[in-house]
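Heads up: the sequence shown at position 109 corresponds to 109 in the UniProt record's numbering, and the numbers run straight through without jumps.
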Amino acid sequence: MSGQFRLIRLSNSYPLKDKIFDCDDKDLNEFFYQDSLLYQNELLAVTYIVEDEDNDAVLGYFCVLNDKLTSEDFKEVRNKIQRKIPYRKHYKTYPCVKIGRLAVCEGVKKAGIGTFIIDYIKYSFFHNNKTGCRFITVDAYAQSTGFYEKMGFSYLTESDKSEPTRQMYFDLMRMSSI
Numbered sequence: 001m002s003g004q005f006r007l008i009r010l011s012n013s014y015p016l017k018d019k020i021f022d023c024d025d026k027d028l029n030e031f032f033y034q035d036s037l038l039y040q041n042e043l044l045a046v047t048y049i050v051e052d053e054d055n056d057a058v059l060g061y062f063c064v065l066n067d068k069l070t071s072e073d074f075k076e077v078r079n080k081i082q083r084k085i086p087y088r089k090h091y092k093t094y095p096c097v098k099i100g101r102l103a104v105c106e107g108v109k110k111a112g113i114g115t116f117i118i119d120y121i122k123y124s125f126f127h128n129n130k131t132g133c134r135f136i137t138v139d140a141y142a143q144s145t146g147f148y149e150k151m152g153f154s155y156l157t158e159s160d161k162s163e164p165t166r167q168m169y170f171d172l173m174r175m176s177s178i
């Protein structure tokens, strides 16, 4: 791995079947090969692939889709979030982008690819926000919550503590102070 990444938006012409990818998670591997293009063609999610610039090897991928948070969704953290939003009584829902899938190839975990992906998503939706998007959400696998915490995400609720996934969010307005 050269340390130089290329980000490619998945398209029908991308040689998905010719690529080798294994993140050691059957569900994430299957999504990459079997579902990512279907979701994209049905306008349900957009998948981006991180490749090594030197050899075109797939290092990771992620998909994003539209989401929303309702006042009910973040009951436990409502005051912390809402006091930062002007005219908050007018909003029943808040626009979000959801990280639907994020996976890094087994051989390059801990090489900064996940951080690169999260930083890219944050930057894209803060600086190039085309529709209005206040939060990034993710249903994080329990074993990945520490990574998301390091990336500045917070838990939406404590009620899912013993579940296989935890709902987490990042307030994009935090980017204005960075």
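Even glycine gets a Cβ: it sits at the ideal position worked out from N, Cα and C.
For this session: Kindly indicate which three-state DSSP category L69 falls into: helix, strand or coil?
Result: What you label residue 69 is simply residue 69 of the sequence shown in a count that begins at 1. Here L69 sits in strand by DSSP.
Exercise. In three-state DSSP terms, what is K122?
Worked result: Reading the sequence shown from its first residue, position 122 is the one you call residue 122. Three-state DSSP puts K122 in a helix.
For this session: Look at the alpha carbon of K98 and the alpha carbon of D67, and state the distance between them as a whole number of angstroms.
Result: Position 98 of the sequence shown, counted from the first residue, corresponds to residue 98. Position 67 of the sequence shown, counted from the first residue, corresponds to residue 67. Taking the straight line joining both Cα atoms gives about 6 Å.
Exercise. Taking C-alpha atoms, which residue in S162, N12, L16, Q40 lies nearest to G100?
Worked result: Position 100 of the sequence shown, counted from the start, is the residue given in the question as residue 100. Of the candidates S162, N12, L16, Q40, the one whose C-alpha sits nearest the C-alpha of G100 is Q40.
Exercise. Among the residues of its own chain, which have a CB less than 7 Å from the CB of L7, if the five just before and after it don't count?
Worked result: Within the sequence shown, residue 7 is the residue found at index 7, counting from 1. For L7, where only same-chain residues beyond five positions count, the Cβ hits under 7 Å are Y48, V50, Y120.
For this session: Sort A140, K26, D24, G107 by Cα distance to R166 and report the nearest one.
Result: In the sequence shown, counting from the first residue as 1, residue 166 sits at position 166. Measuring from the Cα of R166, the nearest candidate turns out to be A140.
Exercise. Between A57, F116, C96, which lies nearest to V138 when the distance is taken from Cα to Cα?
Worked result: Taking the first residue of the sequence shown as 1, we reach residue 138 at position 138. It is C96.
Exercise. In whole angstroms, what is the alpha-carbon distance linking Y148 and N29?
Worked result: Start at 1 with the first residue of the sequence shown, and residue 148 comes out as number 148. Start at 1 with the first residue of the sequence shown, and residue 29 comes out as number 29. So the alpha carbons of these two residues sit roughly 20 Å apart.
Exercise. Is Y94 near the ligand GDP, going by C-beta to nearest heavy atom under 7 Å?
Worked result: The ligand GDP is not part of this structure, which contains no ligands at all.
Exercise. Starting from E51 and walking both ways along the alpha helix (DSSP H), at which residues does that stretch end?
Worked result: Sequence index remark: in the sequence shown, residue 51 carries index 51 (1-based). Looking at the DSSP string, E51 is not in any alpha helix (DSSP H); the run it does join, the beta strand (DSSP E), is 46–52.
Exercise. Which first and last residues belong to the alpha helix (DSSP H) in which T131 is found?
Worked result: As a position in the sequence shown, residue 131 is number 131, starting the count at 1. Unbroken run through T131: none, as it is neither H nor E.
Problem set entry | Under the three-state DSSP convention, the category M168 falls into | As a first step, residue 168 is located in the sequence shown; it is residue number 168 there, counting from the start. Three-state DSSP puts M168 in a strand.
Problem set entry | Identity of the residues DSSP links to P95 by a beta bridge | Stepping through the sequence shown from its first residue, residue 95 is reached at position 95. K68.
Problem set entry | Simplified DSSP assignment, three categories, for A140 | Reading the sequence shown from its first residue, position 140 is the one you call residue 140. Three-state result, A140: strand.
For this session: Measure the alpha-carbon distance for F135 versus T70 and round it to whole angstroms.
Result: Taking the first residue of the sequence shown as 1, we reach residue 135 at position 135. Taking the first residue of the sequence shown as 1, we reach residue 70 at position 70. Cα to Cα, the separation comes out at about 12 Å.
For this session: Pick helix, strand or coil for F62, following the three-state DSSP scheme.
Result: Stepping through the sequence shown from its first residue, residue 62 is reached at position 62. Here F62 sits in strand by DSSP.
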